[in-house]
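Visitor: Numbering of the sequence shown is given in the numbering used here, commencing with residue 9 and proceeding in unit increments. For glycine and all other residues, C-beta sits at the position ideal for the given N, C-alpha and C.
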Amino acid sequence: MDSIKNRDQYEALRDQGYSKEKAARIANTKKAGEKGGKASNYESRTKDELYQKAKEIDIDGRSNMNKQELIDALRNN
């Protein structure tokens, strides 16, 4: 964990249930906490769109997930 730039933020994200990898990515960004790109939020996407995104990043069990489960899995990946 020596490569984590913002340890407090990393620990807070882990406490919120983020994966180690995602928490590290967020804690290591210079602009952490600022609004990101222009991608639409997950809730406005269709289940099929969410499934395709989950497939792109190879989320296990995606075929059995409902829309909310896909959203949660994408956010915590």
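Grouping DSSP H, G and I as helix and E and B as strand, with all else coil, what is residue 83?
Guide: helix
Visitor: Comparing alpha-carbon positions, which option in 12, 50 and 11 lies nearest residue 84?
Guide: 50
Visitor: Assuming residue 55 and residue 75 are in contact, meaning their beta carbons sit under 8 Å apart, how far apart are those beta carbons, in whole angstroms?
Guide: 4 Å
Visitor: Just the Cα atoms here: how many angstroms apart are residue 58 and residue 22?
Guide: 24 Å
Visitor: Classify residue 9: buried if its beta carbon has 16 or more other beta carbons within 10 angstroms, exposed otherwise.
Guide: Confidence at residue 9 is low in this model, with a pLDDT of 48, below 50, so the placement of that residue is unreliable and no value is reported for it.
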